[in-house]
Amino acid sequence: MKTQKVWLITGASRGFGLEIARAALAAGDRVVGTVRSNPAQLTTALQNHPDLHVVQMDVTQEDQVQAAVRQGIARFERVDILVNNAGYGMVTAIEEATDAEVRKQYDTNVFGLLNVTRAVLPYLRQRKSGRVINISSLFGHDVVPGWGLYGSTKFAVEGISKGLAAELTPLGIHVTAVAPGLFTTDFLSTESYVAAKTIIADYQATVGPIRSGADALHGNQPGDPKKFAQVILQLANTERPPLHLLVGKDAIAMCQSNAAKLAQEIEAWLLVATSTDHDQRITASTIA
């Protein structure tokens, strides 16, 4: 008989979060779905499912996060799977973004993820089991113009996930950074991503096409979010989950291209890079 799991999913009101919540409930599990606003929207979308508990929470507000996690634990007694999904994109050349715009991006995508992880981990450590699934991005492995700052937050998620895995695996808790490619969520809708207010003409050739192309690409991405949710469901039930999981042909192609470029750079600069050791170290054996 299947053991009923309890999921805590951030950013569950739409996109990946909503589809993962729907798939988990359909599989017979329980879900604590967190939303930044309008909890009734998620309740209605998931047809007031009896195994769904919706909590209003802004991941950037640590007090709210702690309270929301306590509510989820009070409702279902435990958390087995944390899905850090909340986040948003920003299209901008790096120079164009203001300090405030960059900090807001990091507050949600990085520090918000850390707030939620810190709130949930004590419960996972107490049970010596559980899963942490961090939603990264193909831009967490390589970047394109205009998505560099957003990509840097996902590089951070990849690094945090790697560190967490080293620390948590001995405690029976598995961590996976999931890097999806482009899926037909509302990520590229004008209501979801942010464009920096400043536009510098010198970046028209590189960032300009990205700015104008985002709306055209919206709705035409290759990935099916329902199928993505099934991958996450399979991941959560795998005995030995991977640390990194790229999802989508575009994500795999981008990562492979980046790995090849890195290998070429290492080879091209190998003699220079390995020329920095001291010529000779004085040791007891050389003195004797």
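For the sequence shown, UniProt numbering gives the first residue as 1, with consecutive numbering after it. All C-beta atoms in this analysis are idealised placements derived from N, C-alpha and C, irrespective of residue type, glycine included.
Just the C-alpha distance for residue i and residue j, rounded to the nearest angstrom, thanks.
i           : j      : result
ARG75       : ALA27  : 19 Å
GLN4        : ILE20  : 15 Å
residue 297 : GLN204 : Residue numbering for the chain in the displayed model covers 1 to 288; residue 297 lies beyond these limits and cannot be assessed.
VAL54       : ASP202 : 46 Å
GLY151      : ALA97  : 14 Å
VAL272      : GLU265 : 11 Å
ASP91       : VAL6   : Here the sequence assigns Val to residue 91, which means Asp is not the residue at that position. Straight-line Cα distance between these residues: approximately 35 Å.
THR117      : ILE133 : 10 Å
SER136      : TRP269 : 30 Å
THR34       : LEU52  : 10 Å
VAL102      : ALA165 : 27 Å
THR274      : HIS244 : 29 Å
LEU18       : TYR193 : 17 Å
LYS261      : LEU171 : 36 Å
THR43       : ASP250 : 33 Å
Can you list, in chain order, the residues of its chain with a C-beta nearer than 7 Å to that of residue i? Leave out the 5 residues immediately preceding and following it.
i           : result
GLN66       : ALA119
residue 289 : Not covered by the structure: residue 289. The range shown for the chain is 1 to 288.
GLY72       : LEU8, VAL32, HIS53, VAL55 and VAL79
LEU149      : MET90, THR92, ILE94, ALA97, VAL102 and GLN105
TYR123      : ILE73, ARG78 and VAL79
Could you say which of the options lies nearest to residue i if we only look at CA atoms?
i           : options                           : result
ASP80       : LEU52, VAL102, LEU121 and VAL144  : LEU121
VAL247      : ASN258, GLY223 and LYS261         : GLY223
residue 376 : LEU168, GLY208, ALA196 and ILE232 : Nothing can be reported for residue 376: it is not among the residues displayed for the chain, which extend from 1 to 288.
VAL31       : GLN64, SER37 and ARG78            : ARG78
LYS226      : VAL83, ILE9, LEU8 and GLY15       : GLY15
SER129      : GLN280, THR169, ALA195 and LEU46  : THR169
ILE173      : ASP277, SER212, ARG125 and THR238 : ARG125
ALA195      : THR44, TRP147, VAL110 and GLN41   : TRP147
ASN115      : VAL157, VAL59 and ASP99           : VAL59
ALA156      : GLY213, THR198, GLY87 and ILE199  : GLY87
LYS154      : LEU113, ALA68 and TYR123          : LEU113
By Cβ distance below 6 Å, which residues in the same chain neighbour residue i in space, the five residues on each side in sequence not counted?
i      : result
GLN221 : LEU182, PHE183 and THR184
ALA93  : TYR203 and VAL207
SER161 : ASN134, VAL175 and ALA177
LEU82  : LEU8, VAL120 and VAL132
PHE111 : none
Who are the Cβ neighbours of residue i in its own chain at under 8 Å, not counting the five residues just before and after it?
i           : result
residue 317 : The structure shown does not extend to residue 317, since the chain is modelled only from 1 through 288, so no value can be given for it.
ILE210      : VAL91, VAL144, PRO145, GLY146 and TRP147
In the DSSP assignment, find the unbroken beta strand (DSSP E) run with residue i in it and report its ends.
i      : result
THR206 : It is not in any beta strand (DSSP E) - THR206 carries neither H nor E in the DSSP assignment.
Contiguous alpha helix (DSSP H) assignments of at least 4 residues, all confined to the stretch 58-119 = Within the stretch 58-119, the complete alpha helix (DSSP H) runs of at least 4 residues are 62-76 and 99-106.
Going along the chain, which unbroken runs of the alpha helix (DSSP H) with 4 or more residues stay wholly within the stretch 17-58?
-> DSSP runs (the alpha helix (DSSP H)) wholly in the stretch 17-58: 39-45.
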